[in-house]
Amino acid sequence: IWTVGTLANNTSETLTLTVTASTTGDIANTATATSTGGKTDNNPDNNTSTSTVTVTDGNGGGGGGNTGIDLSVSKTGSISEVDETDVEFTYTISVTNSGPETATDIEVADELPAAVEFVSATSTTGTYATSTHIWTIDSLANGASATLTITVKVLSIDEDFTNTATATSTGGKTDNNPDNNTDTHTVTIPDDNGGGGGGSSGGGGGGGSSSGGGGGGTVNIVGGSGDIDVSAPQCEYLKEFLRYGYNNNPVEVIKLQAFLNSFENESLAVDGFFDLSTDAAVRRFQVKYFNDILEPWGHTDSTGYVYILTKKKVNEIFCNRAFPVTPGEAQEIVEFRAFLESLRARGIDTTDFEGGIGGDLGGDDNGLATDTTGTTSGLGDFFKDLFGGGDSEDTATSTATSTSQFASTLKNLAAAALVFPADTGDALGCLIVLLIILLIIYVLGTVIVNGMSDNKPMEVVRRRKIIAFMIGVVIAIVIAFLAPYPCIILPLILILIVLIIWYFVRRKESKPEEMNKEFSL
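Residues in the sequence shown are numbered consecutively from 1, following UniProt numbering.
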């Protein structure tokens, strides 16, 4: 109700209303004027007036309009035909909001075909995650557009390949025209092309190595919804999952440390042990590539764990080519992100949960082991892994697992023994530590043996000292492996071998003397 107050003879007042139509069709609006001031209205027939507006789909007629958004996608390619591999070209994706309202929380999904590999991506706004191939845009106002350009390289020319981009908005606004949210670009292969590297069975080029190379093609994985084509790895530099505080493979840690020094300008000691310095360097690497490593999991901070996406990013940078995840790994990432988001939606602090599956933490199949709380194994677990301890529902499975763990531990021990000091300063430090350990072993062994060998023949005392010294060296090797202090492992092993040989030689030489004593008695 509009209350005017007083109107003198031959005067007027105006009210303007701006409204938004919520439906289409003819909309009638009627205004009626009355006066309660006690004066008679001599012509009440002109106290009412009606205005009708026709609202059509898309644009409101007259004084109205409709609500919602209208996202549209346009996808083009710099080429439409290719007849050779290793050719680079670009996909250009444009997304436009035709309004009338602002579109928010926009995602453009653009899964690359298996015939190409990702090289780079640039966008006018938003972020593009190479691990999920999703372009995220915070908002687009009415009439605004954004563009994403993706550079790819052709891997296979066995058949035509298509690439489809699809835009969606989860901001709560209705898309009035969802039919234009998708666009596809097709690259055709001429009929007379001579074939190329890598078909659907993964041929062409052989296996990859840590220095690059590798065959193309796809791996067909049969799932619940049919065949899923996943690009086969083109290069695999890091092969295992790593983290601070666990019994990592020293060879893999050396490769990680060398990568961080060469590509990220770190100054790590390349010694094969995942120490706190290595952990900090990994965290800096994760923050640098936040959108590719942490954001897909739903993490808000670094984890320090070299798991699926961290390993993937290292391999992609080192090999300068794409390194896709498997469908199982992709599903694991999606499920963990949903888990974190569900906790946050209920107001639960997720800090303690972010070191779980998605925290770049490996499972048993990848050489890592944690308990249900995500804490790392201790010294007791090391010996359990070494000798195959632990419960199992199946004896055969337990035996096989124990054998595998024992072999893995021996492999790690052998690799650690071959780690040498990085420079003269480290070599001097290792020598000092070695001499101190040997001195401690000698003193303790002498004291213990002398206290237990009163009135014993000198030869017996000597052999006992050698045995005590060997036991001390074995303990020192285990401590050096766990400490970690790998540079003294090989010298200790050599000393142990010499002691064993010396013991048996002395024992053999002493037997005739003992026999002579017996005959003389």
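Every residue gets a Cβ at the ideal spot worked out from N, C-alpha and C, and that includes glycine. Note that this is a predicted model, so its numbers are computed, not measured.
N-terminal and C-terminal residue of the alpha helix (DSSP H) that residue 282 is part of: Here residue 282 is taken as the residue at index 282 of the sequence shown, counted from 1. Note, residue 282: alpha helix (DSSP H), 276-288.
Among 260, 82, 97 and 52, nearest to residue 74 - alpha-carbon criterion: To locate residue 74, count along the sequence shown from 1; it is residue 74. Comparing Cα-Cα distances from residue 74 to each of 260, 82, 97 and 52, the minimum goes to 97.
Under 8 Å by Cβ, that's how I've got residue 184 and residue 164 pegged, so tell me the actual separation to the nearest angstrom. One-based indexing of the sequence shown puts residue 184 at position 184. One-based indexing of the sequence shown puts residue 164 at position 164. Confirmed, Cβ separation roughly 4 Å.
For the segment 130-143 against the segment 43-50, do three or more pairs of beta-carbon atoms, one drawn from each stretch, fall closer than 8 Å, so that the two count as touching? no
Could you give the DSSP three-state label for residue 263: helix, strand or coil? Residue mapping note: residue 263 aligns to position 263 of the sequence shown, counting from 1. If DSSP states are grouped into helix, strand and coil, residue 263 belongs with the helices.
Between the segment 172-181 and the segment 109-129, do at least 3 Cβ pairs fall closer than 8 Å? no
Please report the distance separating the alpha-carbon of residue 474 from that of residue 451. Residue numbering aside, residue 474 sits at position 474 when the sequence shown is read from its first letter. Residue numbering aside, residue 451 sits at position 451 when the sequence shown is read from its first letter. Whole-angstrom Cα-Cα distance: 22 Å.
Residue 426, enclosing alpha helix (DSSP H) - first and last residue: Taking the first residue of the sequence shown as 1, we reach residue 426 at position 426. Note, residue 426: alpha helix (DSSP H), 424-452.
Please classify residue 349: is it buried, with 16 or more other beta-carbons within 10 angstroms of its beta-carbon, or exposed? Indexing the sequence shown from 1 puts residue 349 at position 349. Exposed, since its Cβ has fewer than 16 Cβ neighbours within 10 Å.
Tell me the residue span of the beta strand (DSSP E) that contains residue 97. Looking up residue 97 in the sequence shown gives position 97. It spans 88-97 - the beta strand (DSSP E) in which residue 97 sits, taken as one unbroken run.
Helix or strand or just coil, what does DSSP make of residue 15? Within the sequence shown, numbered from 1, the residue matching residue 15 stands at position 15. Coil, per DSSP.
What is the rounded straight-line gap between the Cα of residue 128 and the Cα of residue 320? Taking the sequence shown and counting its residues from 1, one reaches residue 128 at position 128. Taking the sequence shown and counting its residues from 1, one reaches residue 320 at position 320. So the two alpha carbons sit approximately 18 Å from each other.
DSSP state of residue 501, grouped into three classes? Locating residue 501 in the sequence shown gives position 501, where the first residue counts as 1. Residue state, collapsed to three classes: helix.
Cutting at 6 Å between CB atoms, please list the residues of its own chain near residue 437, excluding the five before and the five after it. Position 437 of the sequence shown, counted from the first residue, corresponds to residue 437. Counting only Cβ-Cβ distances below 6 Å, and skipping sequence neighbours, we find 476.
Below 6 Å CB to CB, which residues in the same chain sit around residue 491 once its five sequence neighbours on both sides are set aside? Taking the first residue of the sequence shown as 1, we reach residue 491 at position 491. So the list reads 434, once near-sequence residues are dropped.
What distance in whole Å lies between the Cβ atoms of residue 28 and residue 48, which are believed to be in contact at a cut-off of 8 Å? By one-based count along the sequence shown, residue 48 stands at place 48. By one-based count along the sequence shown, residue 28 stands at place 28. With 8 Å as the limit, residue 48 and residue 28 do not qualify as a contact, their Cβ atoms being about 12 Å apart.
Inter-stretch contact (C-beta, 8 Å, three-pair minimum) for the segment 234-247 and the segment 291-310: yes
Quick check: what's the CA-CA separation for residue 465 versus residue 502? Numbered from its first residue, the sequence shown carries residue 465 at position 465. Numbered from its first residue, the sequence shown carries residue 502 at position 502. Roughly 12 Å between the two C-alpha positions.
Excluding five sequence neighbours on each side, which residues of the same chain lie with their C-beta closer than 8 Å to the C-beta of residue 347? By one-based count along the sequence shown, residue 347 stands at place 347. Result list for residue 347: empty, nothing under 8 Å.
Got a sec, what are the start and stop residues for the alpha helix (DSSP H) residue 134 sits in? Here the question's residue 134 lines up with position 134 in the sequence shown. Taken as a continuous stretch (DSSP letters only), residue 134 belongs to no alpha helix (DSSP H), being part of the beta strand (DSSP E) at 134-140.
Taking the alpha helix (DSSP H) that residue 314 belongs to, which residues open and close that run? Within the sequence shown, residue 314 is the residue found at index 314, counting from 1. It spans 308-319 - the alpha helix (DSSP H) in which residue 314 sits, taken as one unbroken run.
With three or more beta-carbon pairs closer than 8 Å as the criterion, would you say the segment 152-162 touches the segment 115-126? yes
Beta-carbon proximity check, residue 315 vs residue 237, cutoff 7 Å: For this step, residue 315 is matched to residue 315 along the sequence shown. For this step, residue 237 is matched to residue 237 along the sequence shown. The answer is yes: Cβ separation under 7 Å.
Per DSSP, what kind of secondary structure is residue 255 in: helix, strand or coil? Sequence index remark: in the sequence shown, residue 255 carries index 255 (1-based). In this structure, residue 255 counts as helix in the three-state DSSP scheme.
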